Amino acid sequence: MLTILRNIGLLTLSTVVTTLCGLVATGWLARALQPEQFGVIGFGTALVGFFSLLVNSGIATLAMREIARDPGCVPELTGTVVSLRLTLSLVSYGAFAAVLFALDLPADARAVYLVQGVQLIAQALVLDFVFAGIQRMGAIALRQIGTALLTLGATVLLVHDSGDTAIAAGITAGSAAVNALWIWIGYVALFRRMTFRFSVRRWWDLLAQSAPISIGGFVWMAYHSTGVLVLGLMRPAAEVGLYSAAYKVVTLVVMLAHVIRNAFLPPLANVYGDRPAMQAGVRRFVVTMAAIAVPVTVGGMALAPEILAVLFGPAFEGAREPMRIMMAGVPLLFLVIVLGDPLLVWHRQRPYMMVMLVCGIANAALCFALTPFLGALGAATASVTTAALMLVGIAGNHIRTVGLLPARPLRQAGLSVLLTFAAYALFALGAADFTGHLVPVAAFLVKGCVIVALCGLAMMVTGLLPVVRMAGAWRRSAGQQARA
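Residue numbering for the sequence shown is 96 to 579, as defined by the numbering used here.
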């Protein structure tokens, strides 16, 4: 448990820094490029994301699981995985370029997308799976912080107006390359060298084993990116920019969940087969996730206007309602991660794959059905509906694997959200005259502090956070000592 807490602490620190840097960089980019060109960047990011699935193919998760169980396999497995991913990245970039030239796109936009696609090759060289497997999260945290600071600095220095869209794409690609180089330095310091291993038979085995995870990853990417792609094909670029702004905020929020997930998965992999230990691990996972999901959900929905105004400026006011809809789906996404991702390290990839595959098809159908008529609102509605479908399927498979759901912390988390919303509604009504005259930054700070305080109180009252239980235990202990 101490290792988990230390890893969570390191990754939380890096997440705070990278999230803040990402928010500032994204806000600067959006204000400089304005909705139309910001939409170009958003469409390219979504398209690159789909092709990146061929590079990752679930192999990193599979490799992390094997390294967590047998650290001695690091040199052989890493050389095989990197050579395979590098080969896949070249194939992926070629397919990406072919699609770009097949689509009817403006020449300048196509050039931007080709630059963004360089990320595909850089992603193949990232070695986070090694350090996650041996539970050395400090290297990952340091890499994330350094890359985030570099990206922020380059964005502020080089991007100033809508004519700098290609430069913005180059910064993203360059940051991905530095990202890979940074973690390679850490790897060489530990293991001395990297030996590439080209074995088609071994590659095929890895691809076959990781296929269920890959399909799950495809659905995750489809969940986050299909709306942007469909909007880019059917609606004006400015509307794509508005949706991309809301989507970026939600993506940063979900990134918090993935950071915590990376700290919990290796220990969960180690207790496979011990059902009580599996249940206890998931219970701790849920409590940790809920402590973040509750304030993030309430704050994201209640403060959507202030967040958009502070980060992106008045030009992005139209993203308010799509953002609120997507933030309502954040608790569902957190639960899908908590209940679903442990299945990947407990040899339940196939049921996971089937749920995600069905939901991916449903998401695409909903996007194509709703987006032409409702635009960004339709894309946001499709994403939340898909999240609910994923949760139903994943929860069923989780019960079959572990025997039960962690019902108590789930009830406590839901009640905490309801209590916080109710308390904040009373505050908003009573303080409307005061907060209504504040500038967006001040309104965000005041309301945000209130929401955090209310969430903390709600989670203590419901027992989600152990403060109340600890105080009760202390009082009982003191009473027993007094009677003695």
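Think of the CB as a built atom: it goes at the ideal place given N, C-alpha and C, for glycine as much as any other residue. From a predicted model like this one, the values you see are computed outputs, not experimental measurements.
The alpha helix (DSSP H) spanning residue i covers which residue range?
i	result
Ile489	471-497
Ala372	370-397
Trp441	No alpha helix (DSSP H) holds Trp441; DSSP gives it neither H nor E.
Glu412	Neither: Glu412 is in no alpha helix (DSSP H) and is coded neither H nor E.
Val580	Residue 580 is absent from the model: the chain starts at 96 and stops at 579.
Ala204	202-211
Cys550	535-557
Thr267	260-286
Thr246	232-253
Thr91	Summary: the structure shown does not reach residue 91, with the chain confined to residues 96 through 579, and so no result is reported for it.
Thr46	One cannot answer for residue 46 here, as it falls past the ends of the chain, which runs 96 to 579.
Gly189	169-197
Arg160	154-164
Ile216	214-218
Gly228	223-228
Going straight from the alpha carbon of residue i to that of residue j, what length do you get?
i	j	result
Gly134	Ile402	19 Å
Pro362	Ala127	44 Å
Tyr447	Ile162	22 Å
Gly336	Thr466	15 Å
Arg356	Gly498	21 Å
Leu326	Pro400	22 Å
Val393	Ile546	7 Å
Val534	Pro390	22 Å
Val518	Leu430	It is Ala, not Val, that sits at residue 518 in the sequence shown. Distance between the alpha carbons of Ala518 and Leu430: 24 Å.
Val348	Leu181	29 Å
Val425	Thr480	12 Å
Gly144	Glu416	25 Å
Lys343	Leu427	18 Å
Arg443	Ala527	51 Å
Arg571	Ile229	In this prediction, Arg571 scores a pLDDT of 46, lower than 50, which makes its location untrustworthy; no coordinate-derived value is stated.
Gly413	Arg297	50 Å
Gly531	Ala538	8 Å
Tyr282	Leu524	55 Å
Met598	Ala386	Outside the modelled stretch of the chain, which goes from 96 to 579, sits residue 598, for which no answer is possible.
Ala490	Thr496	10 Å
Tyr338	Met421	10 Å
Leu328	Leu434	34 Å
Ser109	Ile308	26 Å
Ala158	Ala520	47 Å
Val254	Leu115	18 Å
Arg160	Leu124	37 Å
Val169	Ile136	37 Å
Ala397	Met289	49 Å
Gly455	Leu505	25 Å
Phe313	Phe529	46 Å
Arg503	Thr346	28 Å
Val186	Leu438	30 Å
Phe585	Ala141	Because residue 585 is not part of the residues shown, which for the chain are 96 to 579, the question remains open.
Phe224	Thr156	7 Å
Can the beta-carbon of residue i be found closer than 8 Å to that of residue j?
i	j	result
Leu500	Val440	no
Ala508	Ala388	yes
Leu215	Phe146	yes
Phe293	Val177	no
Thr70	Cys550	There is simply no residue 70 to check, as the chain begins at 96 and stops at 579 in what is shown.
Leu450	Asn492	Residue identity differs from the one stated: residue 450 is Val in this sequence, not Leu. Closer than 8 Å, so yes.
Ala372	Arg164	no
Ile240	Thr250	no
Ala333	Glu171	no
Val210	Ser184	no
Ile235	Ala243	no
Asn458	Ala317	yes
Gly470	Arg330	yes
Leu302	Thr175	no
Val354	Thr107	yes
Gly626	Leu351	Nothing can be reported for residue 626: it is not among the residues displayed for the chain, which extend from 96 to 579.
Val194	Ala264	no
Ile154	Leu118	no
**Asked** Quick check: the region 316-330 against the region 468-478, are there 3 or more CB pairs under 8 Å?
**Response** Output reads yes: the region 468-478 touches the region 316-330.
**Prompt:** Are three or more beta carbon pairs between the region 207-223 and the region 262-278 nearer than 8 Å?
**Reply:** Because the criterion of three Cβ pairs below 8 Å is met, the region 207-223 and the region 262-278 touch.
**Request:** Count the CB pairs spanning the region 404-416 and the region 374-383 that are closer than 8 Å, and state whether there are at least three.
**Result:** By the criterion of at least three beta-carbon pairs nearer than 8 Å, the region 404-416 is not in contact with the region 374-383.
**Message:** Quick test of the definition: if touching needs 3 or more C-beta pairs under 8 Å, does the region 252-261 touch the region 187-207?
**Reply:** When C-beta atoms of the region 252-261 are compared with those of the region 187-207, three or more pairs fall below 8 Å, so the two segments count as touching.
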